[in-house]
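Residue numbers (my numbering), protein chains in the order written: chain R, 226 to 830; chain V, 226 to 830.
Contents: one structure, followed by commentary.
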């Protein structure tokens, strides 16, 4: 049975099948919907306001939406099954929306993109004015484009016939100082750009109308390289010394990006041939694999990769399916483990302009720590490893259906499972919750040891501790089909990650000569913003004991930074400055690293 | 039978077959020999000094070589049949040699090429110095290369493994500001460049060692586009509006250039993969067809082509088989019929620096006139057409075997035939000789009319005039197999060309306000230098009545200019200045053109 649903914007009647998932049905119908988690109910970005359509709230919606949102009729589209006719209101996907999504810090970015559409109306050739076509156009554009422009051969080949067909007027699409496309006069074609964040696990992209600065579509996709290894090191190992394997990594990544481009364009009803530039943030290994560079030296001491500078190239050279003359700007990196994604976070958070001490921590598959003071920005990379994302954990899994995503120990044990039903494993956020809650409830001690049942005061929790292979473990769930448990080894993994991250924070503070009290703001980016509870981060001692009001989540700061570099050339220059001026502290090179690390393994403080 | 011949340089014993043509045998043996005419005995550039080998002189050698040269044992290799053992001394092909070949005006060009080989020895990466490989190299090169450098992706992909294999030292081949190749340390590979002149009829190229400035090989080849039409207009007509035909023209031209490259490299035992840059001069239509641009608007009023500016692109994009990262610099043009070849001639002749009035005339398939005064350079293009090269002439042919190449009317009729034997036609130089001699001998009057036999005083010549199809013609040769004659219509063709060229000279002088007496020097370039006798040019009135000592041949000035642009960036910048500052006079746009043209049709004065 089909039901009529009015979708605003674009304010049109849409026939949807009863029983269908609303998010899926909208995307199928070509309506842009921001859902980087792919409909798993974790990113909370597919919020829509319903009248009719569905009258039920799922348990997840009730947990994740605020009382005000519930009152106002907001739902998570990914949780809604279409039931009856009604109305769907989508949030306005403007730049202010992108801010909300990417955690832009309340600041408008003035539009000054690298892509410009320059209308031209040339004087006609005559015996008195015999300038050749390209000379004629370039002299005109040199004034409007404030500087000399160049052109590539394929476009130059079409110039003479285009100009004559269009009576010597039209619009020149200029990227940087190169004319990459010509439009007939008055065609008013879209001028689009893309900001891309290449994460080890997730590819995220925003499609932007560069004439208005509006984000017209947002989407994310698993990085298909995941088939070659979950973390950067395993992918580096896979490809090392084998050019054809490097090519595999490159091709898979580009394939993923092209899928993303296709979906962004389909959902926003735009043409990918109208995308003229993409800016790319990502960790150094991702940048190397995107470009097909040998990445093995990133993983070998002294950890020196092929490229940290920014890099401009043609989209065609990469195989990226945007306009054939389109360009790609890869943002600069600071060091092998402090990549373009970190530069983008610093840019987004404005750390480089900070006059007071501010700390930022970005946790993805790795953890980067940034400390801004009036003397500049210090960075460190910590081998936090994949534990925060559920990696190397016995029952670890990605945040997909059947993963435990949050956990409470008191007043009674309670946990949520993505998609409901029996849990099959624990994702990153679930792991942090579990360990923090078990520590707080006295199941674990400061050193991370699972206590004997007799030492645990809460009987219900004590009962769930058992011994397997001479080590204790905490059983969260067990039925005839399977079980989910947290092992002593899992806790050690998380402790190593926590110790590394915290040691990074401590050593940067020491290097800068600031104490925790001096720090005015702590920004948590990456997986933190999406999954980890501030309070639990403090409980575990991932970060020093800051007052909670100083701690702010900025979500995917890397994406935000890439967007800034796309929208404004001044921001792009700032990124260069950040990359060249930030001082990177190589922790493994410090004599005080090991002591600090060992001290930081304990939970608390 | 094989005979031993010692060839110096390279000073080695070579076995040559008795009876073989020496030029051919040397080229086959991989020994560089300059012979742009392809062995027709016309360019006089394959001069070699023999002891033994051959004891005979051909009639052509006796005519073309000076008494001193004959005394010293100089021969034209193309005229020599190998007879006996002996020694061949090749001329030193240095820059001074190139000067002689290309008519450089006695001035050394300081070496400052766009291609540089920069040795580097980088500090090794360490925990204290974690700069990425490209950052490390680029920071080093920025100092030596005095400015930022870029790199393309394919080379960047090899950088990390190269640097480690070479212990972080080596040599960077930089073209402009781009690193296009990397050599291992101490490899001392050749650094070569090419200067190319693309003529409508002939492709000429010089292979240059950019480390020394020496020309290591020179060669020429018919432009294979000739299959699509002898002149630019017929090629433009062939390709107009049909992209696949434009592609044919482009491909054929590049095929010809690649043959030339292959031969230059084989003859000089160099690798084409070590050629890093080519500079290109040529008329505007040739530049358009090389780049695959639509050229039809060049031929249609108001004669405005696609591109007059200089253009830089990668050799790979053109399909030019030099180093895969190699670059091509196309020199700028002034107007549709005053191309990069004319800019190159002006550069070579130093007209742009002239403080006194100097006139230059370049005749190829078209005729360009340049007049330098202290106020700058004026240029005009004259529709001289292909008559000077034997085109549109009843028995016209190229300067190949059996063409009449020179002619004398007095004291007795005498002519030379290329390769000897019965003549089959008349080439350009033969035509000029014929008409000038017949005019001087009173067979033609000032208006170009062939007189009635009764009006001709020399009986022998009078007998050779006959009437065919109600017009008179002059029969040079006739036997049972065929004949060669000069028709009244042929003379009209030459007159049109002469009238156009002379009108160009007169109108530029008028425009600049100088009289013939003011002109301090007249430079004749192109076909003039190779074929046309100064005196005959004056006799016919191709040029005003200048004292012969003011008239100088500069040979292929375009090739010389391309060579200058290859060897010295300052010269390349001068070419840009010439192209933008030269004032082009469009003759067809002038009200006084027709009168002047009609007045200039007559022979003499």
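Heads up, the beta-carbon is just placed ideally off N, CA and C, and yes, glycines get one too.
In this structure the region 688-707 of chain V does not lie against the region 721-734 of chain V, because fewer than three pairs of beta carbons, one per stretch, are closer than 8 angstroms. Residue environment for residue 452(R): exposed (fewer than 16 other C-beta atoms within 10 angstroms of its C-beta). At least one C-beta of chain V is nearer than 8 angstroms to the C-beta of residue 351(R). Within chain R, no residue has its CB atom less than 8 angstroms from the CB of residue 661(V), the nearest being about 34 angstroms off. For residue 703(V), the enclosing beta strand (DSSP E) starts and ends at 696-703.
DSSP places residue 803(V) within a helical segment (H, G or I) once states are collapsed to three.
Taken through DSSP and simplified to helix, strand or coil, residue 475(V) comes out as helix.
Comparing C-alpha distances from residue 497(V) to each of 269(V), 375(V), 645(V) and 414(V) shows the shortest one belongs to 414(V). Between the alpha carbons of residue 534(V) and residue 491(R) lies a gap of roughly 41 angstroms. When only Cα atoms are considered, residue 813(R) and residue 416(V) end up about 44 angstroms apart. The CB of residue 409(R) never comes closer than 9 angstroms to any CB in chain V; the least such distance is about 17 angstroms.
When the alpha-carbon of residue 402(R) is set against those of 383(R), 411(R) and 372(R), the nearest one is in 372(R). Proximity of residue 682(V) to chain R, defined by a Cβ-Cβ separation below 8 angstroms, is not satisfied. Sequence-ordered contacts of the region 372-394 of chain V with chain R read 378, 381, 382, 384, 385 and 386 [C-beta pairs closer than 7 angstroms].
Residue 597(R) has 583(R) and 602(R) as its beta-bridge partners, per DSSP. For residue 419(V), the pairing in a beta bridge is given by DSSP as 432(V) and 503(V). Listed as beta-bridge partners of residue 337(R) by DSSP are 793(R). Residue-level contact by beta carbon holds for residue 528(R) and chain V, with a gap shorter than 8 angstroms.
Residue 777(V) is bridged by DSSP to 748(V). Against chain V, a Cβ distance below 9 angstroms from residue 566(R) picks out nothing, because the smallest value is about 16 angstroms. Under the Cβ distance rule, residue 605(V) does not count among the residues neighbouring chain R, no pair being separated by less than 8 angstroms. Under the DSSP assignment, residue 361(V) falls in the alpha helix (DSSP H) whose first and last residues are 358-369.
For residue 408(V), no alpha helix (DSSP H) run applies; the uninterrupted beta strand (DSSP E) run containing it begins and ends at 403-408, by DSSP. Rounded to the nearest whole angstrom, the CA to CA distance from residue 429(R) to residue 422(R) is 5 angstroms. Residue environment for residue 639(V): exposed (fewer than 16 other C-beta atoms within 10 angstroms of its C-beta). DSSP, reduced to helix, strand and coil, places residue 532(R) outside both helices and strands of the structure shown, so it counts as coil.
In the DSSP assignment, residue 239(R) falls within the unbroken beta strand (DSSP E) covering 237-242. Between the C-alpha atoms of residue 713(V) and residue 652(V) there is a straight-line separation of about 17 angstroms. The C-alpha of residue 768(R) lies about 6 angstroms from the C-alpha of residue 762(R). Close to chain V, meaning a Cβ-Cβ distance shorter than 9 angstroms, is no residue of the region 431-464 of chain R at all. Taking a cut-off of 8 angstroms on C-beta distances, the region 816-827 of chain R does not touch the region 360-375 of chain V, as fewer than three cross pairs fall below it. For residue 630(V) and residue 266(V), the gap between their C-alpha atoms comes out near 10 angstroms. Contact between residue 609(R) and residue 696(R) fails: their C-beta atoms lie close to 23 angstroms from each other, not under 8 angstroms. Our two residues, residue 782(R) and residue 566(R), have alpha carbons roughly 8 angstroms apart in a direct line. Following the DSSP letters along the chain, one finds residue 815(R) in no alpha helix (DSSP H), marked with neither H nor E.
A direct Cα-to-Cα measurement between residue 635(R) and residue 527(R) gives close to 47 angstroms.
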